[in-house]
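*Asks:*
Numbering (the numbering used here), first residue to last: 438 to 537.
(1) Roughly how many angstroms lie between the CA atoms of residue 531 and residue 522, to the nearest whole one?
(2) Taking three-plus beta-carbon pairs below 8 Å as touching, is the stretch 472-492 in contact with the stretch 455-462?
(3) Whole angstroms is fine: what's the gap from residue 482's alpha carbon to residue 515's?
(4) If you draw a straight line from the alpha carbon of residue 487 to that of residue 456, how long is it in whole angstroms?
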């Protein structure tokens with residue numbers, strides 16, 4: 438097992454990645470350049486896809502947070518209404534007690 442094999446042990450490579458790594462060990466300079474180019478394209482496309490998935494996830498999260506915020510505002514208004522009604526009821530009880 439070579440030094441590079443030890444470096445890649447922790448990454449749990451799939452079959453295609455292992456084949457690419459093995460091909461790079463026996464490659465000529467042209468082959469090595471092609472493998473490097475393929476790897477860089479693969480990496481950039483993987484990152485691009487991850488970014489798109491993250492953006493979609495954030496958009497979903499934003500919609501969810503907006504719905505949550507709207508519900509919290511509605512519940513807060515309901516609590517304020519209940520508080521105002523309790524104040525009105527208390528004032529009415531005081532007036533009845535004074536006049537009664």
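For glycine and all other residues, C-beta sits at the position ideal for the given N, C-alpha and C.
*Replies:* Result, derived from the coordinates:
(1) 14 Å
(2) yes
(3) 50 Å
(4) 24 Å
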